Structures are given as structure tokens and as C-alpha cells.
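*Asks:* When we follow our numbering, the leftmost residue of the sequence shown carries the number 1, and every step to the right adds one.
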Amino acid sequence: MAIETLLKEKRIFRPSKKLVENSNVMQWMKEHKIKTYDELLKVASKKRSWFWGELAKELEWFSPWKKVLDWKPPYAKWFIGGKFNIVHNALDRHANSFRKNKLAYIWEGEPGEVRKITYGELYREVNKFANALKELGVKKGDRVAIYLPMIPELPISMLACAKIGAIHSVVFSGYSAKALQHRINDASAKVLITVDGFYRHGKVIKLKDSADEALKDAPSVKKVVVVKRAGNNIKMKRDRDLWWHDIIEKQKPYCKTVQLEANTPLYILYTSGTTGTPKGVIHDHGGYAVGTYATLKWVFDLKEEDVWWCAADIGWVTGHSYIVYAPLMLGVTSVMYEGAPTYPDPDRVWQIIEKYGVTVFYTAPTAVRMFMRFGRSWVKKHDLSTLRLLGSVGEPINPSAWIWYYNVIGNKKCPIMDTYWQTETGMFVITPLPITPLKPGSATKPFPSIEADVYDENGKPLTNKGGDLVLTTPYPAMLKTLYKNPSRYEKTYWSKFKNMYLTGDVAHKDKDGYIWVQGREDDVLNVAGHRIGTAEVESALVSHPAVVEAAVVGKPDKIRGTVIKAFVILKQGTKPSSTLVKDLKYHVGEEIGHIAKPAEIVFVDDLPKTRSGKIMRRVIEAIELGKPTGDISTLRNPETVNALIKLKNNRK
Ligand code: WTA
Numbered sequence: 001m002a003i004e005t006l007l008k009e010k011r012i013f014r015p016s017k018k019l020v021e022n023s024n025v026m027q028w029m030k031e032h033k034i035k036t037y038d039e040l041l042k043v044a045s046k047k048r049s050w051f052w053g054e055l056a057k058e059l060e061w062f063s064p065w066k067k068v069l070d071w072k073p074p075y076a077k078w079f080i081g082g083k084f085n086i087v088h089n090a091l092d093r094h095a096n097s098f099r100k101n102k103l104a105y106i107w108e109g110e111p112g113e114v115r116k117i118t119y120g121e122l123y124r125e126v127n128k129f130a131n132a133l134k135e136l137g138v139k140k141g142d143r144v145a146i147y148l149p150m151i152p153e154l155p156i157s158m159l160a161c162a163k164i165g166a167i168h169s170v171v172f173s174g175y176s177a178k179a180l181q182h183r184i185n186d187a188s189a190k191v192l193i194t195v196d197g198f199y200r201h202g203k204v205i206k207l208k209d210s211a212d213e214a215l216k217d218a219p220s221v222k223k224v225v226v227v228k229r230a231g232n233n234i235k236m237k238r239d240r241d242l243w244w245h246d247i248i249e250k251q252k253p254y255c256k257t258v259q260l261e262a263n264t265p266l267y268i269l270y271t272s273g274t275t276g277t278p279k280g281v282i283h284d285h286g287g288y289a290v291g292t293y294a295t296l297k298w299v300f301d302l303k304e305e306d307v308w309w310c311a312a313d314i315g316w317v318t319g320h321s322y323i324v325y326a327p328l329m330l331g332v333t334s335v336m337y338e339g340a341p342t343y344p345d346p347d348r349v350w351q352i353i354e355k356y357g358v359t360v361f362y363t364a365p366t367a368v369r370m371f372m373r374f375g376r377s378w379v380k381k382h383d384l385s386t387l388r389l390l391g392s393v394g395e396p397i398n399p400s401a402w403i404w405y406y407n408v409i410g411n412k413k414c415p416i417m418d419t420y421w422q423t424e425t426g427m428f429v430i431t432p433l434p435i436t437p438l439k440p441g442s443a444t445k446p447f448p449s450i451e452a453d454v455y456d457e458n459g460k461p462l463t464n465k466g467g468d469l470v471l472t473t474p475y476p477a478m479l480k481t482l483y484k485n486p487s488r489y490e491k492t493y494w495s496k497f498k499n500m501y502l503t504g505d506v507a508h509k510d511k512d513g514y515i516w517v518q519g520r521e522d523d524v525l526n527v528a529g530h531r532i533g534t535a536e537v538e539s540a541l542v543s544h545p546a547v548v549e550a551a552v553v554g555k556p557d558k559i560r561g562t563v564i565k566a567f568v569i570l571k572q573g574t575k576p577s578s579t580l581v582k583d584l585k586y587h588v589g590e591e592i593g594h595i596a597k598p599a600e601i602v603f604v605d606d607l608p609k610t611r612s613g614k615i616m617r618r619v620i621e622a623i624e625l626g627k628p629t630g631d632i633s634t635l636r637n638p639e640t641v642n643a644l645i646k647l648k649n650n651r652k
């Protein structure tokens, strides 16, 4: 459905002359005697190492790199031999400059309290906490798990780890105890940083209780640091749990930033894949810093006086790259908000933009669609005239949402930067720049120097036809490997087409070379902009004592883009009931987290399977969407197809 609408979209929007003329990218082009967007793309592709080397020089290096790129597919090393630390660039250099008293973050809690943190203050807090981590025995290369909501201690913890060369693994605060436990154990984290509780939709979410549950079987964790946020009652385990405020009290506000080879790991971030176990994506200090810094500077055109608000959660890659590292490296002021975007009223976001004079705002299509549903009257109550650019990420933005965002929020003067990227890419890879003519619904073209293509099954490039979206060149922030699992890295991303990065998305390229991403092609669902592996949800369902087998598929939804529908086979003798449906939804919430809960669960006697016993999700999905089932001759049990069709018709 979405694909058909996209194909019909013909409108082109051009950013204003003034914006183009004053943009960071235009400035750079002038300095490098490059005249047009097309020329920029050409030069950057042809002289990839030169291009990134020039941009890398805008950051501070303890000692210069010997070579910009060493590309031995599928492994890339960037800025080899360079001595670097991302925190020196994000913090130390600002704390010793005119930005010392400039705001790094304006933080607003859901109940309404405000904390304004300058670069100087952030620097001191990070140093104190880095010293505390050292006292707890954290050393270079050690893993530290961070299970925190959107409070300033989250970026502080991440930066403190990076400062001393420890590797952070942030686990989204909406994930369950089980999900946290799995991630802690996979990375053998030594320390866990968490919180008593936080606010969401007016309620206190008791995160320490989940952390305690996870720690019942997480032997690598020796110490737990607890931030006091909501003041709810919690249990502190003797000899293991420490209050954040106690351990930083006596620490010195100075801590040396370790000098690291540019390719040293910075963090692990787990993301869903096609199997039940999440993948630990590894990003490093040097390449990741250069890639995120340059993309934010060029795409969102951030300047010294901008107020930037990336309304994602730091628990996802969007927050890692574009709430924590890149905006701090640019020295801009960011807004950070703790709670739900519609609490207490649907205009909370517009209120925040007005209050702090936000100039660039970045959110997800699912949020735009939700705001659309609430209607423009909530928007019109506020003065949003400070806005100059808008952004979108997480899933394809349907042209009608794009136009609403453009007209109602941007007042027809803010270009919309539809940025396509992934946890793995670390930075925007297909994205407009402020000089790019925009087509609503298309992420436009690859960032300069990157080449992308759409392939058929045999690796032949396609125009105007859907196929596999691949990236055919390396770029600095690309993932370096999967934690402790290089063979999975090679197999998942680099084996379908030799030496080409497989994104897992379907897209098509139009005659102008614009790329239109259509959605995931593998067994990964994109629910409200969050990646969820079907296998993860299925294994959660099967871990319930009443369930023998389960298959989940995505179903289109007006607001969330996709919702999860589960087909469940019960153990013999177990009766289907609405209580059991509730119970199973709750169970998935406990196993993975609220975001993975199926919207709908139906009970079936059997599921279509191949002769080797693999569930044919594709067939179930086709039936659910009323599409042709395709070839079902290879099924072991073709009768299940009719049974599912009958079940669907009965429910109507
Ligand atoms: C989807 C989020 C279309 C895509 C940064 C990708 C998008 C997955 C866009 C990565 C976009 C992200 N247009 N689809 N602008 N941005 N996606 O790892 O399916 O949470 O593969 O990273 O989101 O999700 P992830």
C-alpha cells in the first residue's frame, strides 16, 4: 500500500536560497571550490580518503593518523594509528574554551523540573564519575552496562566510560529484566548503572526492581551504581549496590582522558536480527566520531546558536549518535526530555520547542502520525517560529505525514531531512543535505562519498523496481564487527552479495537516483520505528508454559506503521481464552519489553511449514494481508493455508 503511494509521489521541494547559501555544507564546498551538489557527490566518491581526512581534521587528535582508510572487506579500519578519544572532542576541548559556560543540555523531567547543564559542568560531572568508575575497578576495555532512562546521568555515564577507555553497553530502559540480563551476560559487564525509578505517563517506572531481577543471574556484575531520581523505595544490596551521589561526592572534578588508537571500541549496542539472539554492534572512537560529527553538521546544518532537539531515546542508536556524541562534538545546546511526548497533554512537545526556542527538531514518522491524529489545534497554541529544519528517522515517512510535518510544524519553511540509517551504520547514510531538492517519502541520495544501490537476487542493479538495498562502499561510522561474533557479522551483512553491505531493507531507486526505502526485507519488524526480530518475539511466546509453537507477522497500522500479530499453537489440553491472551501479552512484555508486545494474538491448530519444519511466515503474512500466497507446493501441510484463510474470514 505504502509502496504504491510512494511511487505516485512527484512533488519536489527546494530549500530556500538563504538556507542553502548559509549552510555548513555550502561553506565547505566554497572552501574546496566545489560548485554543485552533483559535483560534491562525485568528488567525495572519487577521493574518499581525502574527503574524510578533511572532515576529520575538524576534530582534535592527540596524534595524527597514518592512513585514512584500510579496507579489507568486510573489515574497515579508519584513521589508523591516530591517537584519539571521542570525549576529548565532545567535552574536554569545550570545557577549556569559550563554550565553558554554554549550555550543553537543557533537560526537562516529565513532571516539569528543569536542569540546565553547561559544558563546564558536564565536564566536571563526567570526570567525577569517571574517577568513581576507576575506584570501582573499571579498566580500559572493561564492559559497563547502563540501564538508565532519559536523565542527564545517562550521557554522563557513557562519556565517563569512554573517557577511561571502558566500553559501554546501554540497554534501553523500556527493555525487560530478561532482555537486560541477556545483554549483561553476553558482554560480561563488570558494573551496572541504573536508577531507582523515573517518570513516564505520570507514573513512576521502578527500574531498580527490573535490574534486581536481571541480576539474579548475572554473575559478572560486581557493583551496581544507583541514581536517585524518583525517590521510590528500593532495596540496596549490601556490598553490591552503591548510590551515585555517595560515590561521586569525594571525587575530583578532573580525570585524564585516555589516548586511544582510533579503532578502539567505544560501545556495544544490541540490535534485533533474524534470530532470537540480539546482535552486539561494535562502534569505535575515531571513525564513529568523524562520521557522526560530519553528518550532523552537514545534514542538520547545526551552528553555534542552534538549539537542537533529537526526540529519540538514548537507549537507541539515534540517541547515542545524535543526542550524546555528535551534538557535543559540535558544541551545540541540546534539549533532552525525560517523559512521554503527549504527557500531560498532546502539546507537550510544542510547548518545549516554544519554551527553549528549538531551531532544529528530529523525530520519527510514528510520532508525526500521532501528532496528526491529535490535530493542528494543539500545534497552533504555540509559537514554533524558531524552527528552521526538521528531521525524520526510523521508518519510511509516508508522503501525507511528510506534507503535514512540512506545512503544520515547519510552516512551509523548514526542509525535512529524511535520514536513512541503522544501528549498524552509526551515522546517516542515505540522507538529504540542505542543498538537496526533496521528494516527500524519499531519503534522497547517499551522504557524499557513500554509494548505495538496489540489487535483484543476482546482484544486478535495478532502477524503478524494488530490490535489496546495499551499500557498496565503506564509511567511517560503519560497525566494525559484532561483539565476539565475527562470523555472524560476515554472514549477516556481507555474504549475500560479495563485499557489499546488505542493509536488510527493500528499496527502489528512481531515474534521478533517489532512493525510496520501503521497509525491512528480512524477518525483522519495524514497530513504531523500533526494530524487533520476529524470532525474538516467537521465542518469548514459546517460553510460556502454555505455548508449543508461535509465529509472528507484521500488520500495517495507521499510527505505529506496523503492529505485531501472533499465531500461537497451545499445548494439548490448554484452552484458549481471553485471559490467556492477556497473559501471553504480559509474558512477552516481561521477556523483551513493552515495545514487543503483540497487538493481536490468535490461537491456531497448526502453522504452514516447509518440509524441513521451518514456519513459513511469508505465507501467514500474505493470508493476513489478503495477498496471494504464492507457491505453497513445498509446504508439508498445505491444508493449514485454508484453515488460516477460514479463521481470518470468520473473524471479520
Ligand atoms: C528503518 C535507526 C526508511 C530501516 C536509526 C532500517 C528507515 C531500520 C529510515 C534501522 C528512513 C531507519 N526511512 N526506513 N529514514 N530510518 N529506517 O537500527 O528499516 O533502530 O533498517 O536504527 O529502520 O533501525 P535502527
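All C-beta atoms in this analysis are idealised placements derived from N, C-alpha and C, irrespective of residue type, glycine included. In this text, all values refer to a predicted model and were calculated from it rather than measured experimentally.
Where does Met236 land, buried or exposed, given buried means 16+ other C-beta within 10 angstroms?
*Replies:* Exposed, since its Cβ has fewer than 16 Cβ neighbours within 10 Å.
*Asks:* Under 8 Å Cβ to Cβ from Lys511, same chain only, skipping five residues before and after it: list those, please.
*Replies:* Thr463 and Asn464
*Asks:* Note the first and the last residue of the continuous beta strand (DSSP E) segment covering Trp243.
*Replies:* DSSP places Trp243 inside the beta strand (DSSP E), whose first and last residues are Asp241 to Trp243.
*Asks:* Give, in chain order, every unbroken run of the beta strand (DSSP E) that is at least 3 residues long and sits entirely within the segment 429-481.
*Replies:* Taking only runs of at least 3 residues, the beta strand (DSSP E) segments lying wholly in the segment 429-481 are 452-455 and 467-471.
*Asks:* Using only the heavy atoms of the ligand WTA, determine whether one of them is closer than 7 Å to the beta carbon of Gly626.
*Replies:* no
*Asks:* Determine, using beta-carbon pairs with one atom in the segment 471-481 and one in the segment 437-454, whether at least three such pairs fall under 8 Å.
*Replies:* Verdict: yes, contact present.
*Asks:* Taking Lys585 as the reference, which of Val429, Gly626, Gly81 and Val568 has the closest Cα?
*Replies:* Val568
*Asks:* Tell me the residue span of the beta strand (DSSP E) that contains Val307.
*Replies:* Val307 to Cys310
*Asks:* Would you kindly report the start and end of the unbroken beta strand (DSSP E) that includes Ser539?
*Replies:* Taken as a continuous stretch (DSSP letters only), Ser539 belongs to no beta strand (DSSP E), being part of the alpha helix (DSSP H) at Thr534 to Val542.
*Asks:* Decide if the segment 337-352 is in contact with the segment 528-542; the criterion is three or more beta carbon pairs, one per stretch, under 8 Å apart.
*Replies:* no
*Asks:* Does Arg183 get closer than 8 Å to chain C when you measure Cβ to Cβ?
*Replies:* No chain C appears in this structure, which consists of one protein chain only.
*Asks:* Just confirm the distance between the C-beta atoms of Val25 and Leu433, as a whole number of angstroms; I'd bet it's less than 8 Å.
*Replies:* 5 Å
*Asks:* So Thr386 packs on Val299, CB below 8 Å; how close in whole Å?
*Replies:* Contact doesn't hold; Cβ gap of about 19 Å is too wide.
*Asks:* What residues are listed by DSSP as bridge partners for Met336?
*Replies:* Trp107
*Asks:* How about Val171 and Ile146: do their beta carbons lie closer than 8 Å?
*Replies:* At the C-beta level, Val171 and Ile146 come within 8 Å of one another.
*Asks:* Take Asp557 and list the residues in its own chain whose beta-carbon comes closer than 6 Å to its own, dropping the five residues that flank it on each side.
*Replies:* Val563
*Asks:* Please determine if the segment 193-206 and the segment 134-151 are in contact, where contact requires at least 3 C-beta pairs separated by less than 8 Å.
*Replies:* yes
*Asks:* Answer yes or no: the CB of Asp505 versus the heavy atoms of the ligand WTA, is any distance below 7 Å?
*Replies:* Remark: the shortest separation between the CB of Asp505 and any heavy atom of the ligand WTA falls under 7 Å.
*Asks:* Which same chain residues end up closer than 8 Å to Phe51 when comparing Cβ atoms and leaving out the 5 residues on each side of it in sequence?
*Replies:* Val43, Ala44, Pro448 and Ser449
*Asks:* Would you tell me roughly how many angstroms separate the C-alpha atoms of Glu304 and Lys496, rounded to the nearest one?
*Replies:* 44 Å
*Asks:* Sorted by chain position, which residues of the same chain lie with C-beta nearer than 7 Å to Asp313's C-beta, five sequence neighbours on each side aside?
*Replies:* Contacts found: Met150, Phe172 and Gly319.
*Asks:* Using the three-state DSSP reduction, which class does Phe374 fall into: helix, strand or coil?
*Replies:* helix
*Asks:* Three or more C-beta pairs under 8 Å: does that hold for the segment 256-271 against the segment 392-407?
*Replies:* No: fewer than three Cβ pairs fall under 8 Å.
*Asks:* Locate the alpha helix (DSSP H) running through Ile282, then write down its first and last residues.
*Replies:* DSSP places Ile282 in no alpha helix (DSSP H) but in the uninterrupted beta strand (DSSP E) bounded by Lys279 to Asp284.
*Asks:* Can you give the beta carbon distance from Ala340 to Arg369, rounded, assuming they're within the 8 Å contact cut?
*Replies:* Contact flag wrong, Cβ pair sits at about 16 Å.
*Asks:* Beta strand (DSSP E) containing Thr562: first to last residue?
*Replies:* Looking at the DSSP string, the run of the beta strand (DSSP E) that includes Thr562 is Gly561 to Leu570.
*Asks:* Measuring CA to CA, which of Arg388, Ile353, Gly410 and Trp404 is closest to Gly375?
*Replies:* Of Arg388, Ile353, Gly410 and Trp404, the residue nearest in Cα terms is Trp404.
*Asks:* In whole angstroms, give me the CA-to-CA distance for Ala289 and Ala162.
*Replies:* Distance from the CA atom of Ala289 to the CA atom of Ala162, rounded to whole angstroms, is 12 Å.
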